[in-house]
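A.B. asks:
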Amino acid sequence: MLILYTAKNGIYTDLKDSYTNEKELINKNIYVNITNRCPCACTFCLRNTKELDESNNLWLDTEPTVQEITAEFEKYDLNKFNEIIFCGFGEPLVRLEDLLEVAKYLKNRNSNIKIRVNTNGLADLVHGKETAPLLKGLIDTVSISLNASNAEEYLNLTRSKFGIESYDAMLKFAVACKDYVPNVVLTVVDCIGKEEIDTCQAICDRIGVTLRVRPFE
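Everything in the sequence shown is counted per the UniProt record's numbering, starting at 1 for the first residue and increasing by one.
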């Protein structure tokens with residue numbers, strides 16, 4: 001079960017296996033896998049499109065507790081890490097309170113450590129409240145999957161259980177995060193085509209956030 005892991009070229013490696021070479025870990029990003037749960041069933045999600053062997057599998061048999069996650073971090077020198085990213089096969093903000101507790105632990109150990117959350121941006125719908133203010137002082141970057149330039153295509157791609165309102169809720173969350181998180185990024189995959197990417201760029205320009213075009217794995 002991978003809780004803390006590194007990633008390179010689509011290969012996920014348990015942190016304990018990477019940490020044997022400390023030089024290799026300098027300026028490395030460390031990922032935190034905390035849940036399988038997600039309100040979406042995206043057509044392009046790796047959990048649906050990629051065969052993974054047991055040693056390269058982010059699927060959790062059980063969700064790690066906060067204590068189990070922090071116990072894993074206790075084994076390592078946080079100064080060796082460039083950025084810690086909450087990202088796995090599930091949506092990390094489903095476990096909002098637990099994520100915040102781990103983030104507090106990390107900031108207490110090293111106030112300069114950079115923490116990012118990769119999210120679908122639907123936390124407000126998941127929890128039935130505005131969640132962006134809770135990230136203040138704990139999360140340095142929120143990376144949100146924009147996926148599409150309109151609500152209909154977004155729903156076709158993500159198959160969100162919250163339906164057509166999901167797209168506007170995601171954008172609302174992105175705008176709200178600007179008041180509480182230093183860096184807010186929306187992402188799309190490069191396979192959607194230049195016209196769609198340009199339209200997504202215009203949306204990001206309008207709401208004042210960065211667009212990142214990421215490769216489709």
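We put the CB at the ideal spot given by N, CA and C, even for glycine.
Using a 10 Å radius around the Cβ and a threshold of 16 neighbouring Cβ atoms, would you call L146 buried or exposed?
C.D. replies: It is buried - the Cβ of L146 has at least 16 other Cβ atoms within 10 Å.
A.B. asks: Quick check: what's the CA-CA separation for N57 versus A202?
C.D. replies: Rounded to whole angstroms, N57 to A202 spans 36 Å at the Cα level.
A.B. asks: Looking only at its own chain, which residues have a Cβ that is under 7 Å from the Cβ of T65, when we skip the five neighbours before and after it?
C.D. replies: Cβ within range, chain order: n/a, list empty.
A.B. asks: What is the rounded straight-line gap between the Cα of C204 and the Cα of T13?
C.D. replies: Computed Cα separation, rounded: 33 Å.
A.B. asks: Once the 5 residues before and after E72 are set aside, which same chain residues still bring their CB inside 7 Å of it?
C.D. replies: Cβ within range, chain order: I3, L4.
A.B. asks: Where does I85 fall in DSSP's three states?
C.D. replies: Here I85 sits in strand by DSSP.
A.B. asks: Taking 7 Å as the limit between beta carbons, can you name the residues of its chain near T49, skipping five residues before and five after?
C.D. replies: Interpretation of T49 is limited by its pLDDT of 49, a score under 50 that renders its predicted location unreliable; the figure taken from the coordinates is listed afterwards. Excluding residues within five positions, none has a Cβ falling inside 7 Å.
A.B. asks: Return the CA-CA distance between G82 and P215, expressed in angstroms with no decimal places.
C.D. replies: The question names Gly, but residue 82 in the sequence shown is Asn. Using only the alpha carbons, I get a separation of about 21 Å.
A.B. asks: Alpha helix (DSSP H) containing A7: first to last residue?
C.D. replies: Element bounds for A7: not the alpha helix (DSSP H) but the beta strand (DSSP E), 4-8.
A.B. asks: Any chance you could list the alpha helix (DSSP H) runs of at least 4 consecutive residues sitting entirely within the stretch 140-203, in chain order?
C.D. replies: Taking only runs of at least 4 residues, the alpha helix (DSSP H) segments lying wholly in the stretch 140-203 are 151-158, 166-177.
A.B. asks: Taking the alpha-carbon positions, what's the E68 to V102 distance?
C.D. replies: Going from the Cα of E68 to the Cα of V102 covers about 10 Å.
A.B. asks: Determine, using beta-carbon pairs with one atom in the stretch 153-164 and one in the stretch 88-99, whether at least three such pairs fall under 8 Å.
C.D. replies: With a cut-off of 8 Å, the stretch 88-99 and the stretch 153-164 do not count as touching, because too few Cβ pairs lie within range.
A.B. asks: Around the Cβ of Q174, are there at least 16 other Cβ atoms within 10 angstroms (buried) or fewer (exposed)?
C.D. replies: This sequence places Ala at residue 174; Gln is not what is there. Counting Cβ neighbours within 10 Å, A174 comes out buried, since at least 16 surround it.
A.B. asks: Which runs of the alpha helix (DSSP H) spanning at least 4 residues fall entirely within the stretch 102-146, listed in chain order?
C.D. replies: Whole alpha helix (DSSP H) segments, 4+ residues: 123-127.
A.B. asks: If contact is defined by three or more beta carbon pairs under 8 Å, each pair taking one atom from either stretch, is the stretch 180-197 in contact with the stretch 121-138?
C.D. replies: Because the criterion of three Cβ pairs below 8 Å is met, the stretch 121-138 and the stretch 180-197 touch.
A.B. asks: Should C87 be labelled buried (16 or more other beta-carbon atoms within 10 Å of its own) or exposed?
C.D. replies: Classification of C87: buried, given that the 10 Å Cβ count is 16 or more.
A.B. asks: Assign D77 to one of three DSSP states: helix, strand, or coil.
C.D. replies: Coil at D77, not helix or strand.
A.B. asks: Should S111 go down as buried or exposed, given a rule of 16 or more other Cβ atoms within 10 Å for buried?
C.D. replies: Classification for S111: exposed.
A.B. asks: Beta-carbon within less than 8 Å of K107's beta-carbon, same chain only, minus the 5 sequence neighbours each way: which residues are those?
C.D. replies: The answer, listed in chain order, is I113, I115, G137, L138.
A.B. asks: If you reduce the DSSP assignment to three classes, tell me which class R212 lands in.
C.D. replies: Strand, per DSSP.
A.B. asks: Compare the C-alpha of L134 against each of V126, S143, Y154, L100 and name the closest.
C.D. replies: For the residues V126, S143, Y154, L100, the minimum Cα distance to L134 belongs to L100.
A.B. asks: Report the three-state DSSP secondary structure of D14 (helix, strand or coil).
C.D. replies: Strand, per DSSP.
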